[in-house]
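Here's the structure we're looking at; comments come further down.
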Amino acid sequence: MKNKFDSLELGQFIPLHYHHNMLNDSARMNSFKEAIDLVVKPGAKVLELGGGTGVQSFFAAQKADKVYCVERNPELVEAARDLLAKNINGDKIEVIQADAMHYLPPEPVDVVICEMLHTGLLREKQMLVIDSFKQRYLEKFGGPLPVFVPEASIQAIQPLQQNFHFEDFYAPTILFQNPYSIHERSKSLGDPEVFQLLSYEEPFSQTCAYDGEILITENGQLNALRLITKNILAINMTAGSTVDWHTQYIVFPLTTPLQVYRGDQISIRFSYQGGAPLKALSDSLEVRHVSQRVSISQFALDMMNLSAQFQPATADQAGAL
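Mapped onto the numbering used here, the consecutive letters of the sequence shown carry residue numbers -13 to 307.
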């Protein structure tokens, strides 16, 4: 039986106040504004899938002749129409109440903006919506495909020693972190390991997975993994640079912490479908030692114990034999 909260859990209806709050995220706003200004050429036709408040359609409308802004949530549709009517070139934008999984514009478009993004490509339907759009668009209009914003996502995993004590309250729970801040409660035990490079224009699997080894670079207690998602919003071929935006980091606690030392190799394995709940990663996660570097003190203790086993017997001991 389908849970009535599935659509909420998987990001189908993000509340209006959350979208309002995103307008206050300067890193997100500035990056998308720069990317859209770079990609959208004068006179272009643009489609935004999952328009929210319509702010990215607004960015596009400053150059485009026509923008189709598709939003499923009726409350957001009403808010977007109201806000866009207050802004310059808002008349170029048609806000359409429809499901992005099924909508196609009445004409070919030059650019598709789709920001259904969550770290790990979890919860929200970015992968599923874009994949569905490409298949249906090519069937209706043929090639080429429009330019996508974002153009790609890069994902990495990193071993951590995380402080899960909050005013003496121990809570090893999933945590979110601002990617543009220093996190004193997190100690990096190794470098981030890239496990996925996804280009939205190219064919891609709906599965996000990693099965590999990470080198431990610091001594500590491995009790968490940090998931990192960097989105390449646009590529400036002339300057040889990219416009990037990081979604929030997510810290996943490990069920069984491991004491690790510099030089250890740790095996990490997980697999989940794009758009799945956060716990899909936790449920599939396996972490274990592959090779372990013994500390100097432990090595010395082991050698002492081994040496004691081969000490010559005393006279009394010899007589007893």
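We treat Cβ as the ideally placed atom computed from N, Cα and C, and that holds for glycine.
Between Gly176 and Ile202 a beta carbon distance of about 5 Å is seen, short of the 8 Å cut, so the two are scored as contacting. Check the Cα spacing between Lys173 and each of Val133, Asp23 and Gln147: the tightest is with Gln147. In the displayed model, Gln112 falls within a helix according to three-state DSSP. Around the Cβ of Pro92, a 10 Å sphere holds fewer than 16 other Cβ atoms; the residue is exposed.
Under a 10 Å Cβ-count criterion, Arg58 is classified as buried, with 16 or more other Cβ atoms of the shown protein chains found around its own Cβ.
At the C-beta level, Ile22 and Val97 come within 9 Å of one another.
For Ser17, no beta strand (DSSP E) segment is defined; the enclosing uninterrupted segment is the alpha helix (DSSP H) at Ser12 to Val25. The bridge partners DSSP lists for Pro239 are Ala210. Secondary structure of Gln234 (DSSP, three-state): coil.
Per DSSP, Asp197 is one residue of the beta strand (DSSP E) stretching across Thr193 to Leu201. Comparing C-alpha distances from Ser270 to each of Thr39, Pro243 and Ile254 shows the shortest one belongs to Ile254.
Here Tyr123 carries a helix assignment [DSSP, helix/strand/coil]. Within the stretch 40 to 70, the beta strand (DSSP E) runs of at least 3 residues that lie entirely inside it are, in chain order, 52 to 57.
Three or more beta-carbon pairs separated by less than 8 Å are not found between the stretch 0 to 19 and the stretch 117 to 129, which leaves the two stretches without contact. Assignment of His88 by DSSP, reduced to helix, strand and coil, places it in the coil class. Counting other Cβ atoms within 10 Å of its Cβ, Pro60 stays below 16 and is therefore classed as exposed. Closest option to Gly29, judged by alpha-carbon separation, among Ile140, Ser43, Asp51 and Glu153: Asp51. DSSP, read as helix, strand or coil, puts His3 in helix. Setting aside the 5 residues that flank it on each side, Met87 is surrounded in the same chain by Lys111, Leu114, Val115 and Ser118, each with a C-beta closer than 8 Å to its C-beta; the list follows chain order. Taking a contact as a CB-CB distance under 8 Å, the pair Asn217 and Ser139 counts as one, their CB atoms being some 5 Å apart. Within the same chain, and ignoring the five residues on either side of Ala46 in sequence, the residues whose Cβ sits closer than 6 Å to its Cβ are Ile22, Val26, Val32 and Val53. Less than 9 Å divides the Cβ of Phe18 from the Cβ of Leu219.
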